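Colleague: Note that this note's numbering has the sequence shown beginning at 35, numbered continuously upward. Think of the CB as a built atom: it goes at the ideal place given N, C-alpha and C, for glycine as much as any other residue. Remember, it's a predicted structure, so these values are computed and weren't measured experimentally.
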Amino acid sequence: MPRPLGLGGRERPCFFRIGGARRPVLNRGVGILAIPCPSRGLRMSDAPACPRPDLSPFTHRFLKLAGPFWLADKPRPLTERAPDKYRHLKARALTLGLVVLTVGQVLIPVAINKWSALLFDTLEQRNVAQLPSLIAWLSGVLVYAMGVNAGHLWVKREILYRWREWLTKEILRHWMDNGRQYEVSHQPGLEGKEDNPDGRIAEDIRISTEAAVDLCHSLFYCVLLLASFTQILWSLSGEMTVHLGSFAIPLPGSLVWIALLYAATGTSAALLLGRPLVRAVNLRQTREANFRFGLIRARENAETIALLDGETGERRRLYQLFEAIGQAWSRQTAALRNITAFTSGYSTLSGVFPILVVAPRYISGSITLGTLMQTAQAFQQMSAALSWPIDNLARVAEWRASVERVLALKEALEITASPVSCRGQEGITLIRNGGSALAFHELRVDRPDGETIIEPFNLTLHPGEKVLLSGDPLAALRLFKVVTGLWPWGQGVVDRPSGLHVLFFPRRPYLPGTLMETLIYPKAYRDPWKEQQVKINAKMQDQWENENEKLVKRAHEALEILNLTPLIGRLHDQMILDKTLSVPEQRRLGFARLLMHDPGPHWIFIQEAIEALDPTEAAFILPRLERHLLPATVINVGQRPVCPGVDHHRLGIVPTDKGSFRVITLPPFPASASLPSYTG
Numbered sequence: 035m036p037r038p039l040g041l042g043g044r045e046r047p048c049f050f051r052i053g054g055a056r057r058p059v060l061n062r063g064v065g066i067l068a069i070p071c072p073s074r075g076l077r078m079s080d081a082p083a084c085p086r087p088d089l090s091p092f093t094h095r096f097l098k099l100a101g102p103f104w105l106a107d108k109p110r111p112l113t114e115r116a117p118d119k120y121r122h123l124k125a126r127a128l129t130l131g132l133v134v135l136t137v138g139q140v141l142i143p144v145a146i147n148k149w150s151a152l153l154f155d156t157l158e159q160r161n162v163a164q165l166p167s168l169i170a171w172l173s174g175v176l177v178y179a180m181g182v183n184a185g186h187l188w189v190k191r192e193i194l195y196r197w198r199e200w201l202t203k204e205i206l207r208h209w210m211d212n213g214r215q216y217e218v219s220h221q222p223g224l225e226g227k228e229d230n231p232d233g234r235i236a237e238d239i240r241i242s243t244e245a246a247v248d249l250c251h252s253l254f255y256c257v258l259l260l261a262s263f264t265q266i267l268w269s270l271s272g273e274m275t276v277h278l279g280s281f282a283i284p285l286p287g288s289l290v291w292i293a294l295l296y297a298a299t300g301t302s303a304a305l306l307l308g309r310p311l312v313r314a315v316n317l318r319q320t321r322e323a324n325f326r327f328g329l330i331r332a333r334e335n336a337e338t339i340a341l342l343d344g345e346t347g348e349r350r351r352l353y354q355l356f357e358a359i360g361q362a363w364s365r366q367t368a369a370l371r372n373i374t375a376f377t378s379g380y381s382t383l384s385g386v387f388p389i390l391v392v393a394p395r396y397i398s399g400s401i402t403l404g405t406l407m408q409t410a411q412a413f414q415q416m417s418a419a420l421s422w423p424i425d426n427l428a429r430v431a432e433w434r435a436s437v438e439r440v441l442a443l444k445e446a447l448e449i450t451a452s453p454v455s456c457r458g459q460e461g462i463t464l465i466r467n468g469g470s471a472l473a474f475h476e477l478r479v480d481r482p483d484g485e486t487i488i489e490p491f492n493l494t495l496h497p498g499e500k501v502l503l504s505g506d507p508l509a510a511l512r513l514f515k516v517v518t519g520l521w522p523w524g525q526g527v528v529d530r531p532s533g534l535h536v537l538f539f540p541r542r543p544y545l546p547g548t549l550m551e552t553l554i555y556p557k558a559y560r561d562p563w564k565e566q567q568v569k570i571n572a573k574m575q576d577q578w579e580n581e582n583e584k585l586v587k588r589a590h591e592a593l594e595i596l597n598l599t600p601l602i603g604r605l606h607d608q609m610i611l612d613k614t615l616s617v618p619e620q621r622r623l624g625f626a627r628l629l630m631h632d633p634g635p636h637w638i639f640i641q642e643a644i645e646a647l648d649p650t651e652a653a654f655i656l657p658r659l660e661r662h663l664l665p666a667t668v669i670n671v672g673q674r675p676v677c678p679g680v681d682h683h684r685l686g687i688v689p690t691d692k693g694s695f696r697v698i699t700l701p702p703f704p705a706s707a708s709l710p711s712y713t714g
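(1) Taking the alpha-carbon of A592 as reference, which of L700, V676, A626, L130 has the nearest alpha-carbon?
(2) Can N335 and L503 be called in contact, C-beta distance under 8 Å?
(3) Under 8 Å by Cβ, that's how I've got P635 and A589 pegged, so tell me the actual separation to the nearest angstrom.
(4) In three-state DSSP terms, what is Q641?
(5) Could you give the DSSP three-state label for S436: helix, strand or coil?
(6) Per the contact definition of three or more C-beta pairs closer than 8 Å, is the segment 613–626 in contact with the segment 499–515?
(7) Which of the three DSSP states, helix, strand or coil, is assigned to Q608?
(8) Nearest-angstrom Cα distance between R466 and H535?
(9) Can you tell me whether Y120 is buried or exposed? The criterion is at least 16 other CB atoms within 10 Å of its CB, across all chains shown.
(10) Measure the C-alpha to C-alpha separation of V133 and M210 and round it to an integer number of angstroms.
(11) Between the alpha carbons of C250 and R429, how many angstroms are there, rounded?
(12) From Q567 to K203, what does the alpha carbon distance come to, in whole angstroms?
(13) Could you tell me which residues DSSP puts in a beta bridge with W523?
(14) A358 and R333: beta carbons closer than 8 Å?
(15) Candidates P91, Q408, R95, A236: which alpha carbon is nearest W200's?
(16) Pull up the distance between the alpha-carbon of M407 and that of S150, whole angstroms please.
(17) Just to confirm, is the Cβ distance from L128 to V182 under 8 Å?
(18) Could you tell me the alpha carbon to alpha carbon distance between Q319 and L329, rounded to whole angstroms?
(19) Name, in chain order, the residues that DSSP records as bridge partners for I505.
(20) Using alpha carbons as the reference points, say which of P702, S694, R661 lies closest to D681.
(21) Short check: CB of L549 to CB of V517, under 8 Å?
(22) For V528, which beta-bridge partners are listed by DSSP?
(23) Taking C-alpha atoms, which residue in E551, V391, V144, V586 lies nearest to A179?
(24) Here's a check: name, in chain order, each residue in its chain whose Cβ is nearer than 8 Å to the Cβ of D691, leaving out the five neighbours to either side.
(25) Give the single residue among G379, E158, T367, L153 whose Cα lies nearest to the Cα of L168.
(26) Assign K190 to one of two classes, buried (16 or more other C-beta atoms within 10 Å of its C-beta) or exposed (fewer than that).
(27) DSSP on R240, reduced to helix/strand/coil?
(28) Quick check on this structure: which residue in T699, K444, Y396, E460 has the alpha carbon closest to the alpha carbon of G505?
(29) If you reduce the DSSP assignment to three classes, tell me which class K124 lands in.
(30) Out of curiosity, what's the CA-to-CA distance linking S73 and N212?
(31) Touching or not, the segment 482–498 and the segment 536–547, by the rule of three or more beta carbon pairs under 8 Å?
(32) Following the continuous beta strand (DSSP E) through I669, name the residue where it begins and the one where it ends.
(33) So the candidates are V440, W104, G300; which of them puts its Cα closest to the Cα of S378?
(34) If L306 sits next to P423, beta carbons under 8 Å apart, how far is it from one beta carbon to the other, in whole angstroms?
(35) Could you compute how far the alpha carbon of E448 sits from the alpha carbon of V437?
(36) Could you tell me the distance, in whole angstroms, from the CA atom of G233 to the CA atom of E619?
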């Protein structure tokens, strides 16, 4: 059995991801190629270390996740759009602008506090002549407040969207890469870290970034407010004498100390009462996501549910998911009830407590009415700033729960991206053999939990062969996934030919986007006029337009060949194809993808797509694909030959006594033999 190159000596194989960034990876079980390393190749220290659990504090983990928003982007693979090289500078400029505008916001209550003192002194003195100047002062403050707050809102929303956009694309780049979006849902031991990735990406990232900006801004605002009004309150407090027995202790800035004690008492009580809220919010968000996912599945399978009369069972399942939300809702309500009961009393007392504290000095004639109101407002502003934890406890709980869910998804993706050996499992090794054959050497396919699916076997497939693979279709699908690198669980070696070009045809085709996007998938149709984020020159624009003209011409030909002519005029229409087209039209559209490629030595894997055709469809479609199928290597799961008049090898996947399957060779279908009829 040939061994992977370089395993016998000091030289080790260099592994590169298929379709991703060219970076060295050792013993990677998912989607890799192995080529001989040059003499100045990888050292052992260059191998990626297995990911370790991040036990650092929560805030530190969040900054590691989202903090690089303010740093320059790392170089991307050529397959990805180049990032804006000034993005981090724009982010820093916006953040600086937000800081400056927040400082400007704090000046507003300081000015109002000073204005209130003058107003109440004027009222106490009945000084009518002073009112016009006070009104003019107030008008200036109002105009200033309108401008600062409007600018602050714009800058803040720019940061909110840009940060969310950056983090969403970062997570998507790691999730939708190298089959990771598939593998992460099958990897055992993740303990729910990978559930509902759609909700984590769409909703939890939004909450994580929006709440972080809101909380940081409000905390910074409260710190500035505290610093400003502590100084004002200290100057207005006077000196209090505290008598302890025969000792008299002078206490300057007495109201400042009273405000600190008042706020500290309230904050401590609120933190104790709000401790269960974080867990309750996290539980509710998880169950909300489960319910949303259940609704999505029901919508996507609406036709099947209707045909099977399964509405009763679906309703019962959705009811149960919603009842789980009710339980989480009750836990959150109990936590919020305790906090609300306390904060409502605390906030009510905050309005009158400072006046009661300062009232004796006013009654004794030590201060004017204006000083009384200014002192009361300063005390209230200082208490409000110190009460930030109370006011934002529920928001912090929601933010932390969302961040934990995003961090859990990121950790799951890191585990999935690591070598299979790092997960305590054996792994299938994919290597490039430099030849033209596809060979399996002592290949054993396992489930993610280690249970064997297919017993070890050896097999070599040569270019141009036509193979019928019968038996268990799910086990056969695992073999497809092994070849493409989507299934790393097992043991053995798969030698892939150089320049392997794989075309996969499932039983029901995937129909994304427009007709044009579906026909050329997974390639992208690049419209120069819609590429807003890419600066293109005239030469590149002409190149894209020429390529698009060729693609459109080939799409017209493919649709005409498969009798889908009415769809030619709708190539770029936005529509839900699996709802708009009939099932036969969807199948023809799936096979039309093959006609978008030049005939050549492709490797074509067909997962029961031929078996799904009725006799009329098969008789119509297969002859029109023959020009593309003849030079290709075709592996078809099923009994139907794809090219009548050509020898077809037959393999069977049969069950064993141990509950697994084994691959056996069956008598071939020679070209001269009577091939099975196409029965529906």
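Modeller: Judging by the given coordinates:
(1) Answer by Cα proximity: A626.
(2) It is not a contact, given that the beta carbons lie outside the stated cut-off.
(3) In this structure P635 is not in contact with A589, their Cβ atoms being roughly 23 Å apart against a cut-off of 8 Å.
(4) Assigned with DSSP and collapsed to three states, Q641 falls in strand.
(5) Correct three-state label for S436: helix.
(6) No: the two stretches stay apart, fewer than three of their Cβ pairs being nearer than 8 Å.
(7) Under the three-state reduction of DSSP, Q608 is assigned to coil, being neither helix nor strand.
(8) If you draw a straight line from the Cα of R466 to the Cα of H535, it comes to about 13 Å.
(9) Exposed, because fewer than 16 other Cβ atoms sit within 10 Å of the Cβ of Y120.
(10) Distance between the alpha carbons of V133 and M210: 36 Å.
(11) A straight-line Cα-Cα distance of about 12 Å links C250 and R429.
(12) Per-residue confidence for Q567 stands at a pLDDT of 44, beneath the threshold of 50, marking its modelled position as unreliable; the derived number appears in the next sentence. Each residue's CA atom was taken as its position, placing Q567 and K203 some 14 Å apart.
(13) According to DSSP, W523 bridges with G461.
(14) Not closer than 8 Å, so no.
(15) Taking only the C-alpha atoms, the option nearest W200 is A236.
(16) Their Cα atoms are separated by approximately 7 Å.
(17) With respect to V182, L128 sits apart: the two C-beta atoms are not nearer than 8 Å.
(18) Per the coordinates, the alpha-carbon of Q319 lies some 15 Å from the alpha-carbon of L329.
(19) Checking the sequence, you will find Gly at residue 505 rather than Ile. Beta-bridge pairing links G505 to I687.
(20) Residue P702 holds the alpha-carbon nearest to the alpha-carbon of D681 among P702, S694, R661.
(21) No; because the gap between Cβ atoms is not below 8 Å, this pair is not in contact.
(22) DSSP lists L464, F474 as the bridge partner or partners of V528.
(23) Checking every option, the nearest Cα to that of A179 belongs to V144.
(24) Contacts found: none.
(25) Looking at the Cα atoms, L153 is the closest of the given residues.
(26) When all chains shown are included, K190 counts as buried.
(27) It is helical.
(28) Considering only alpha carbons, the answer is T699.
(29) K124 falls in the helix class under three-state DSSP.
(30) Note that S73 scores a pLDDT of 31, beneath 50, so its modelled location is shaky; the value from the coordinates is reported in the next line. The alpha-carbon atoms of S73 and N212 are separated by roughly 28 Å.
(31) Counting Cβ pairs under 8 Å, fewer than three are found: no touch.
(32) 667–671 is the span of the beta strand (DSSP E), which, as asked, contains I669.
(33) Closest by C-alpha distance to S378, out of V440, W104, G300, is G300.
(34) Going by Cβ atoms, the distance from L306 to P423 rounds to 11 Å, so no, they are not a contact pair.
(35) Cα to Cα, the separation comes out at about 16 Å.
(36) Here the C-alpha atom of G233 lies approximately 32 Å from the C-alpha atom of E619.
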